Amino acid sequence: MITALLTFAPVISVWWPQESKAQGVEAPQFTYDPFWPKPLPEGWVLGSVGSVCVDAQDHVFVVTRGDPAPKERNLATPAPPIMEFDNDGTLVNSWGNRALMARTPHGCFVDKEGNLWTAGNNDGIVQKYTHDGSRMLLQIGTKGVMDSADGTATGKALNASHTALFKPSQVAVDPGNGDVYVSDGYGNKRVVVFDRDGHYLRQWGRQGTQEETDAGVGGVFLSPVHCVVIGNDGLVYVCDRLGDRVEVFDKMGDFKRNIRIESKTAHRQNSENTVGTAGWVAFSSDPDQKFMYVANGSDNVIHILDRATGTVLSKFGRPGNQSGDLTDPHSIAVNSRGDIIIGEVPYGGKLQMWRAVKK
Numbered sequence: 170m171i172t173a174l175l176t177f178a179p180v181i182s183v184w185w186p187q188e189s190k191a192q193g194v195e196a197p198q199f200t201y202d203p204f205w206p207k208p209l210p211e212g213w214v215l216g217s218v219g220s221v222c223v224d225a226q227d228h229v230f231v232v233t234r235g236d237p238a239p240k241e242r243n244l245a246t247p248a249p250p251i252m253e254f255d256n257d258g259t260l261v262n263s264w265g266n267r268a269l270m271a272r273t274p275h276g277c278f279v280d281k282e283g284n285l286w287t288a289g290n291n292d293g294i295v296q297k298y299t300h301d302g303s304r305m306l307l308q309i310g311t312k313g314v315m316d317s318a319d320g321t322a323t324g325k326a327l328n329a330s331h332t333a334l335f336k337p338s339q340v341a342v343d344p345g346n347g348d349v350y351v352s353d354g355y356g357n358k359r360v361v362v363f364d365r366d367g368h369y370l371r372q373w374g375r376q377g378t379q380e381e382t383d384a385g386v387g388g389v390f391l392s393p394v395h396c397v398v399i400g401n402d403g404l405v406y407v408c409d410r411l412g413d414r415v416e417v418f419d420k421m422g423d424f425k426r427n428i429r430i431e432s433k434t435a436h437r438q439n440s441e442n443t444v445g446t447a448g449w450v451a452f453s454s455d456p457d458q459k460f461m462y463v464a465n466g467s468d469n470v471i472h473i474l475d476r477a478t479g480t481v482l483s484k485f486g487r488p489g490n491q492s493g494d495l496t497d498p499h500s501i502a503v504n505s506r507g508d509i510i511i512g513e514v515p516y517g518g519k520l521q522m523w524r525a526v527k528k
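If you're matching positions, the sequence shown starts at 170 in the numbering used here and goes up one per residue.
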């Protein structure tokens, strides 16, 4: 296995030395598992991984986009939209109908009842499925209909509808009351909340400017609003990806603070063709969620932060296409053991497991 050493002093590892800004807090360490997942069935190719999420049994759900690299398209079959792997990396189920699901699948979430939720950033829907995919239980929005001036994907965003979405990126379900939080995200610039039956409750957020973002104004987003996650602390963490920050709110949308994710690359051009540092958020598996992990697709690293303070403690990863390298890490998830699963979006994107090092 390849180990990325995450300590407080410069170290020699297969990656570059990992600096740390820790103040008496020891960052966790992770080891790349080259044997996870196991090879896909004959003739299947992964393509871009829109999202990864984990259920209560530590099974990993992988949402794929069906877009293999150009040279693979005539030689292989795109993997199904949804794949389920056990902790050992064995494929235990696969399902999905791309004609019925959102175009460009982007987010996934497993609720406390084991149902799978998905979103798609080139469509106007969020869907809820049974764990095995045998039935769709709920759909919010109408496929192909956007919350835009003309209802199309190219229309001006309205950021206002109680029933329509505009390119949602992710969904999170409150385990307490079943409320559904959607980062409505690539067309609109808002977080919109529905009840467990899909009825509109409230929303917050709007398109922001670079000046507002630099000034730390809360509740405004550049492009896109890329993730929404509910912490055990009862707060809502939202990825302002191009704004290089995670914005933190209470469940009513009142802004609490910014968590900045600084970049080493000059990516900020206020364009959807750029990446940004605050791509995806996940938390450590302890009840207090002491650590927060942020996927930085601009620098191709995973940041490790003290969740309570927002202090960046360390990071791991390096750019590249080899096993264990990172190329646009798009989404991350954490299982009950504290392992980190990473999905990448480029053609031929990788799916990786980084095991938590037990001390």
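Backbone N, C-alpha and C define an ideal beta-carbon position, used for all residues, glycine too.
Small disclaimer: the values here were computed from a predicted structure and weren't measured.
Secondary structure of residue i, DSSP reduced to three states
{"i": "Asp316", "result": "coil"}
{"i": "Gln379", "result": "helix"}
{"i": "Asn442", "result": "Confidence at Asn442 is low in this model, with a pLDDT of 46, below 50, so the placement of that residue should be treated as unreliable; the coordinate-derived value is given next. Coil, per DSSP."}
{"i": "Glu253", "result": "strand"}
{"i": "Lys240", "result": "helix"}
{"i": "Asp409", "result": "strand"}
{"i": "Tyr355", "result": "coil"}
{"i": "Ala341", "result": "strand"}
{"i": "Thr321", "result": "coil"}
{"i": "Ala502", "result": "strand"}
{"i": "Gln521", "result": "strand"}
{"i": "Thr233", "result": "strand"}
{"i": "Lys425", "result": "strand"}
{"i": "Phe199", "result": "strand"}
{"i": "Thr478", "result": "coil"}
{"i": "Lys190", "result": "Annotation note: pLDDT 48 at Lys190 (below 50); position unreliable, no value reported."}
Environment of residue i [buried if 16+ CB atoms lie within 10 Å]
{"i": "Thr259", "result": "exposed"}
{"i": "His499", "result": "buried"}
{"i": "Phe204", "result": "exposed"}
{"i": "Leu244", "result": "exposed"}
{"i": "Gly378", "result": "According to the sequence as given, residue 378 is Thr; it is not Gly. Exposed."}
{"i": "Asp316", "result": "buried"}
{"i": "Lys528", "result": "exposed"}
{"i": "Leu306", "result": "exposed"}
{"i": "Val261", "result": "exposed"}
{"i": "Asn504", "result": "buried"}
{"i": "Gly385", "result": "exposed"}
{"i": "Lys240", "result": "exposed"}
{"i": "Asp409", "result": "buried"}
Same chain, Cβ closer than 6 Å to residue i, neighbours up to 5 away in sequence not counted
{"i": "Val362", "result": "Asp348, Tyr350, Leu370, Arg371"}
{"i": "Asn346", "result": "none"}
{"i": "Gly374", "result": "Lys358, Arg359, Val360, Gly388, Phe390"}
{"i": "Arg426", "result": "Val417"}
{"i": "Glu441", "result": "For Glu441, the predicted structure reports a pLDDT of 48, less than 50, and the residue's modelled location is therefore unreliable. The matter cannot be settled from this model."}
{"i": "Lys433", "result": "Asp468"}
{"i": "Asp280", "result": "Val342"}
{"i": "Asn401", "result": "Gln458"}
Paired residues, beta bridge with residue i - DSSP
{"i": "Asp419", "result": "None, per the DSSP bridge assignment."}
{"i": "Tyr462", "result": "Ala451, Ile473"}
{"i": "Pro515", "result": "None, per the DSSP bridge assignment."}
{"i": "Gly276", "result": "Ala288"}
{"i": "Lys297", "result": "Trp286, Leu307"}
{"i": "Pro488", "result": "Leu495"}
{"i": "Val360", "result": "Ser352, Trp373"}
{"i": "Leu260", "result": "Phe254"}
Within 7 Å, strictly: CB atoms of residue i and residue j
{"i": "Val444", "j": "Gly466", "result": "yes"}
{"i": "Val340", "j": "Ala268", "result": "no"}
{"i": "Val231", "j": "Val221", "result": "yes"}
{"i": "Leu520", "j": "Gly507", "result": "no"}
{"i": "His275", "j": "Glu253", "result": "no"}
{"i": "Ala318", "j": "Ile294", "result": "no"}
{"i": "Gly310", "j": "Ala329", "result": "no"}
{"i": "Val394", "j": "Tyr406", "result": "no"}
{"i": "Phe199", "j": "Trp523", "result": "yes"}
{"i": "Gly142", "j": "Ser338", "result": "Nothing about residue 142 can be reported from this structure: the residues present for the chain run from 170 to 528 only."}
{"i": "Ile428", "j": "Gly479", "result": "yes"}
{"i": "Ser453", "j": "Phe460", "result": "yes"}
{"i": "Ala225", "j": "Tyr516", "result": "no"}
Cβ neighbours of residue i in the same chain (closer than 8 Å, five flanking residues each side left out)
{"i": "Phe424", "result": "Gly387, Gly388, Glu416, Val417, Phe418"}
{"i": "Gly518", "result": "Leu215, Gly216, Ser217, Val218, Thr496, Asp497, His499, Gly512"}
{"i": "Gly486", "result": "Ala173, Trp184, Asn469, Val470, Ile471, Asp494, Leu495, Pro498"}
{"i": "Asn439", "result": "Confidence in Asn439 is poor, its pLDDT being 43 and thus under 50, which makes the residue's placement unreliable; the coordinate value appears in the next sentence. Cβ neighbours of Asn439 beyond the five flanking positions: Gln379, Leu391, Ser392, Leu411."}
{"i": "Ile509", "result": "Phe199, Ala451, Tyr462, Ile471, Ile501, Ala502, Val503, Met522, Trp523, Ala525"}
{"i": "Asp366", "result": "Leu307"}
{"i": "Asp301", "result": "Asn262, Trp264"}
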